[in-house]
Amino acid sequence: MFLAFSCQGWKFSSSRMNNEYVNPDILALLLDSAKGERELLSFFGKHPHAIYWTLCRSSGHCRYAFREFPMGSTHVADFVLLNSYSGVWEIKFVELEPASTMMFTKAGVPAKRLAGAVKQVGDWIAYFERNREQVRADLVRWAGTKDILGYSDGDTPTNFSGDMLADPATYLAVSSHIFIGRRSALKKDERSQKARYPSRHSVEVATYDRILDLVRERYKNAEDWCSE
1 MFLAFSCQGW
11 KFSSSRMNNE
21 YVNPDILALL
31 LDSAKGEREL
41 LSFFGKHPHA
51 IYWTLCRSSG
61 HCRYAFREFP
71 MGSTHVADFV
81 LLNSYSGVWE
91 IKFVELEPAS
101 TMMFTKAGVP
111 AKRLAGAVKQ
121 VGDWIAYFER
131 NREQVRADLV
141 RWAGTKDILG
151 YSDGDTPTNF
161 SGDMLADPAT
171 YLAVSSHIFI
181 GRRSALKKDE
191 RSQKARYPSR
201 HSVEVATYDR
211 ILDLVRERYK
221 NAEDWCSE
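In our numbering, the protein residues as written are 1 to 228.
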């Protein structure tokens, strides 16, 4: 798809945009048409800023994103975000499920895809807790070689307070996040049920409309993202 935008009186293609720019219209079309998660994984692999800013609104000192991060021989997280500020490094494990799927059955219980995703991210967290220092070492290595966000130098991941990611004494705050389905498909009681997941299952469940809302707000003025 070719799109043209106007910037300072001249036309330019999407290839002239800042690398961070995410076109809200293209994302909206994708969410309406994608049947599985692989298309979404590919899109957000090219535009990780959409997920980063959705989950890290206040940003941080040192920031990274990784796609398909492995943990051992059996676990692969779709995305992992690293976000640091004074005294802590946040590690956010992200699972993508289809935008076209339903979260709950007609009986009001979690549908198969949601239930499977919750178990999967639970397995990731359990693996992390059992192998904390190995995962820490892998994150340090990936920060230097496989970051797709492009904000921070990966040579020595550290924050402004000097808390190095590699230091076993540095506190790691771990959370997990699932993106699945669309807001319009949820009934009122299902929205309430979704909102209780962080307290009941230690995982945040959100629809893709949360990302779309962020993209529409942050990238609403294409001219602000012109490449000189």
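Quick reminder that beta carbons are idealized off the backbone N, C-alpha and C, glycines included. For clarity, every value in this text was computed on a predicted model and none was experimentally measured.
Between residue i and residue j, how many whole angstroms is the CB-CB distance? I'm expecting something under 8 Å.
i	j	result
Trp124	Ser176	7 Å
Val22	Val215	5 Å
Ile178	Val118	7 Å
Phe128	Val174	6 Å
Met103	Ile180	6 Å
Phe79	Pro48	7 Å
Leu114	Ala143	With a Cβ gap of about 31 Å, Leu114 and Ala143 do not count as contacting.
Lys194	Val205	5 Å
Asp209	Arg183	4 Å
Give the DSSP bridge partners of residue i, in chain order.
i	result
Tyr151	According to DSSP, Tyr151 bridges with nothing at all.
Thr158	Met164
Leu172	Trp89
Ala206	Phe179
Since residue i is in the alpha helix (DSSP H), which residue starts that stretch and which ends it?
i	result
Val22	Note, Val22: premise wrong, no alpha helix (DSSP H); not H, not E.
Glu223	It is not in any alpha helix (DSSP H) - Glu223 carries neither H nor E in the DSSP assignment.
Ala117	112 to 130
Q: Tell me the start and end of each unbroken beta strand (DSSP E) in the region 31 to 110 that is at least 3 residues and wholly inside, in chain order.
A: The region 31 to 110 is shown to contain whole beta strand (DSSP E) runs of 3 or more residues at 62 to 71, 75 to 85, 88 to 96, in chain order.
Q.
List, from N- to C-terminal side, the alpha helix (DSSP H) runs of 4 residues or more that fit wholly inside the region 176 to 204.
A. Whole alpha helix (DSSP H) segments, 4+ residues: 188 to 195, 197 to 201.
(Q) Check whether the region 108 to 126 and the region 45 to 64 are in contact - that is, three or more C-beta pairs closer than 8 Å. (A) No: the two stretches stay apart, fewer than three of their Cβ pairs being nearer than 8 Å.
Q. How do the region 150 to 169 and the region 186 to 198 stand: do at least 3 beta-carbon pairs fall below 8 Å, yes or no?
A. no
Q. Is the region 135 to 152 in contact with the region 45 to 58, if contact means three or more CB pairs nearer than 8 Å?
A. yes
Q. Can you find at least 3 beta carbon pairs, one from the region 83 to 98 and one from the region 161 to 173, that sit closer than 8 Å?
A. yes
Q. Is the region 89 to 108 touching the region 37 to 44 in the sense that three or more CB pairs, one from each, lie closer than 8 Å?
A. Yes, since at least three Cβ pairs between the region 37 to 44 and the region 89 to 108 fall closer than 8 Å, the two stretches touch.
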